[in-house]
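Residue numbering for the sequence shown follows the UniProt record's numbering, starting at 1 and increasing by one per position. Structure first, commentary second.
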Amino acid sequence: MSTDNEVPGRSRAESEVVELVSSLIRFDTSNTGDLATTKGERECAEWVAGQLEEVGYETEYVESGAPGRGNVFARLKGADPNRGALMLHGHLDVVPAEPADWQVHPFSGAVEDGYVWGRGAVDMKDMVGMILAVARSFKAEGVVPPRDLVFAFVADEEAGGRYGCQWLVEHRPDLFEGVTEAVGEVGGFSLTVPRPDGSERRLYLVETAEKGLGWMRLTARGRAGHGSFLHTDNAVTTLAQAVARLGTHQFPLVMTDAVAEFLAAAAEETGLDFDPASPDLDGTLAKLGSIANIIGATLRDTANPTMLAAGYKANVIPQTAEAVVDCRILPGRRAEFEKTVDELIGPDVEREWITSLDSYETTFDGDLVDAMNGAILEHDPGARTVPYMLSGGTDAKAFAKLGIRCFGFAPLRLPPDLDFSALFHGVDERVPVDSLLFGTRVLEHFLSHS
1 MSTDNEVPGR SRAESEVVEL VSSLIRFDTS NTGDLATTKG ERECAEWVAG QLEEVGYETE
61 YVESGAPGRG NVFARLKGAD PNRGALMLHG HLDVVPAEPA DWQVHPFSGA VEDGYVWGRG
121 AVDMKDMVGM ILAVARSFKA EGVVPPRDLV FAFVADEEAG GRYGCQWLVE HRPDLFEGVT
181 EAVGEVGGFS LTVPRPDGSE RRLYLVETAE KGLGWMRLTA RGRAGHGSFL HTDNAVTTLA
241 QAVARLGTHQ FPLVMTDAVA EFLAAAAEET GLDFDPASPD LDGTLAKLGS IANIIGATLR
301 DTANPTMLAA GYKANVIPQT AEAVVDCRIL PGRRAEFEKT VDELIGPDVE REWITSLDSY
361 ETTFDGDLVD AMNGAILEHD PGARTVPYML SGGTDAKAFA KLGIRCFGFA PLRLPPDLDF
421 SALFHGVDER VPVDSLLFGT RVLEHFLSHS
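Next up, the structure:
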């Protein structure tokens, strides 16, 4: 990428970031979760490697367990080789998108109306582009960070990382040699909240915890037969009843440290009372806007049915029926969660984990947190950083197995009226250009002081 597009008053990284994000979106890296129908990340990964090599990096391209599942690694030496390295990681795959549903083509990378549009704009080619822009700038300008920086661009996050981070951790731990801390997605974005005096405050949410992820298959078996007969052993009926019980069950409220810290900060800023014992806690959370969808989901376990399959003809009662349930489990709750599920589905339905990934949590303290806070305040002095728990999951789950302390910190200063959480996996996914410029400045400061 040429540097001829540098804009007066902007750093090299700021001048490149929008074009980099747009270019990344144009690579269709849709991940269906099925190797037979997933194109893979190779083409995009090779392009990323080329962008790094253009400014002098030595890169390593690795395919993680299947052809085309491309990953790229590069390292920038820091001033203190005795300190643990900091890894910046981003995934190159995206969830599928149906072009007919979008205002613009989801793989156009269009820059219109102050936004970069397309699948991956917030999940997470925005962060990949910011990492790439800062990595290129540091290398081209001879910046020596305080410690080694490892840049990792990986595959298959959207399907749980079996052909991405999990494979890499198991088969290529050498790629993470010396890494003690890591920063990835779904954190560092702003939430604008009202204050009692009528003013507003931007809170920047740093992810310090994630719920566990489990995709569960439920199977009911019965006696096949003619659809016109009386039938008391119908697998479809048995499964449907179990799925309804599970899908409508509300798990108990559990207050984890990360959620408690977030709610305490939100209460201090807004004057609202987020009392866990309140019968209208959900209503109070709703006053925080779209982020309530995430925060509400971190107060309890969830089990949402997402797929059903049974039968092959209208007048044939099938022998089996299956469902898939997306389960998200709070730290320390796995055994109790499984016990409740077994009670709800009953003895006539079998369950098995298709994918099962542990929860993760760390504390909101230490030098790296101080560096995040300092970088945000440098560019948004009236703001405040707060910890929170992600209701979903990221590649941090795999990296934590190597003893790496992980955070979500992809800084974006967002318009107060933007429903940011709805853009994840949503139609018309887009990221504000100004947010990318802000995030790039913050990352430059953060990596220069971490």
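Where a beta carbon is used, it is the ideal one built from N, C-alpha and C, also for glycine.
Assuming the contact rule is C-beta atoms closer than 8 Å, residue i and residue j should be a hit. Round their C-beta distance to whole Å, please.
i	j	result
PRO305	VAL243	5 Å
GLY160	THR355	5 Å
ASP101	ARG147	Contact flag wrong, Cβ pair sits at about 44 Å.
ALA135	LEU92	15 Å between Cβ atoms; not a contact.
GLU322	THR238	Actually they do not touch by this definition, with Cβ atoms about 12 Å apart.
VAL442	ILE376	6 Å
ALA410	GLY187	6 Å
ASN31	ASP156	6 Å
GLY439	LEU418	14 Å between Cβ atoms; not a contact.
ARG334	GLY212	6 Å
Looking at the unbroken alpha helix (DSSP H) that takes in residue i, where does it start and where does it end?
i	result
ILE131	125-140
ARG201	Counting along the chain, ARG201 falls outside any alpha helix (DSSP H), though it belongs to the beta strand (DSSP E) covering 200-210.
HIS379	367-379
GLU261	257-270
VAL427	Unbroken run through VAL427: none, as it is neither H nor E.
ASP282	281-286
GLY247	235-248
GLY65	First-last for GLY65: undefined, no H or E at that position.
VAL341	334-345
ILE295	292-297
ALA85	Not the alpha helix (DSSP H): ALA85 falls in the beta strand (DSSP E), residues 85-91.
residue 455	Not covered by the structure: residue 455. The range shown for the chain is 1 to 450.
So the beta strand (DSSP E) residue i belongs to, where does it begin and stop?
i	result
PHE73	70-76
ARG26	Here ARG26 belongs to no beta strand (DSSP E), and DSSP marks it neither H nor E.
ARG42	Unbroken run through ARG42 is the alpha helix (DSSP H), 42-54; no beta strand (DSSP E).
VAL179	179-184
PHE189	189-194
SER356	349-357
LEU390	384-390
May I ask you to list the residues that DSSP assigns as paired with residue i?
i	result
CYS165	Partner(s): none; CYS165 has no beta bridge.
PHE407	VAL183
TYR312	Looking at the DSSP assignment, TYR312 forms no beta bridge with any residue, so it has no partner.
ASP326	TRP215 and ASN304
ILE317	GLY225
LEU253	In the DSSP output, where bridge partners are listed per residue, LEU253 has none listed.
GLU157	Looking at the DSSP assignment, GLU157 forms no beta bridge with any residue, so it has no partner.
GLU112	TYR115
PHE151	ALA74 and LEU88
VAL94	SER30
In whole angstroms, give me the CA-to-CA distance for residue i and residue j.
i	j	result
HIS449	GLU141	17 Å
GLU60	THR363	32 Å
GLU210	PHE229	49 Å
LEU175	MET130	22 Å
ILE404	GLY225	55 Å
VAL143	HIS379	20 Å
GLU103	ASP428	Before going further, note that residue 103 is Gln rather than Glu in the sequence given. Distance between the alpha carbons of GLN103 and ASP428 is about 6 Å.
SER278	ASP395	35 Å
PHE337	ASP233	28 Å
PHE151	ALA74	5 Å
GLU43	PHE153	13 Å
PRO194	ARG202	9 Å
ARG221	ARG328	26 Å
VAL433	LEU344	47 Å
LYS401	GLY198	45 Å
ALA297	GLN51	38 Å
GLY382	ALA240	52 Å
GLY109	LEU24	8 Å
LYS39	MET124	18 Å
LEU324	LEU149	Reading off the sequence, residue 324 comes out as Val, not Leu. Taking the straight line joining both Cα atoms gives about 40 Å.
THR320	TYR163	30 Å
TYR312	PRO276	47 Å
Just mark residue i as buried or exposed, buried being the case when its beta carbon has 16 or more other beta carbons within 10 Å.
i	result
ASN82	exposed
VAL183	buried
HIS171	exposed
LYS287	exposed
GLY118	buried
ARG12	buried
GLU177	exposed
residue 453	Residue 453 is absent from the model: the chain starts at 1 and stops at 450.
GLN250	exposed
THR248	exposed
LYS397	buried
PRO106	buried
ASN315	exposed
GLU444	buried
SER435	buried
VAL386	buried
TYR115	buried
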